[in-house]
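Peer 1: Have a look at this one.
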Amino acid sequence: MSDEKIHNHPTTTYEGENPAIRERKRGSGKKKNSNSFLQSLGIDLSELDVQITLNPEDKKLVMETLNEISDKVDYRWKVTQGIMIVALLLSAGAQIVEWL
6 MSDEKIHNHP
16 TTTYEGENPA
26 IRERKRGSGK
36 KKNSNSFLQS
46 LGIDLSELDV
56 QITLNPEDKK
66 LVMETLNEIS
76 DKVDYRWKVT
86 QGIMIVALLL
96 SAGAQIVEWL
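All residue numbers for the sequence shown refer to our numbering, where the first residue is 6 and numbers rise by one.
If you want it as structure tokens, here you go:
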């Protein structure tokens with residue numbers, strides 16, 4: 006593309022070598038309603054409630070699985086904290102040895 010085509014572009018204004026910068030008008034600042042399509046159809050989801058019903062065996066299985074996951078996360082977090090404490094102590098020890 007030649008310089009003439011760039012400089013003659015209708016939306017670009019050049020003053021010397023530096024192009025003029027224009028600000029574009031942005032949205033009105035208000036968040037658009039994402040349910041406008043549904044509201045145009047007369048569907049209102051603001052009062053929507055969801056209820057999940059599980060039979061007792063499934064509920065027991067889900068609760069046991071969640072407890073297992075929780076126990077694993079707690080154990081791994083304690084191990085992580087232990088590693089961090091050991092690293093901190095080793096770092097402090099290395100600093101003390103360097104000072105001596």
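Think of the CB as a built atom: it goes at the ideal place given N, C-alpha and C, for glycine as much as any other residue.
1. For S41, report the span of its alpha helix (DSSP H) as first-last.
2. Pick helix, strand or coil for N72, following the three-state DSSP scheme.
3. Below 8 Å between beta carbons: does that hold for L59 and L50?
Peer 2: With the given structure in hand:
1. 41 to 45
2. helix
3. no
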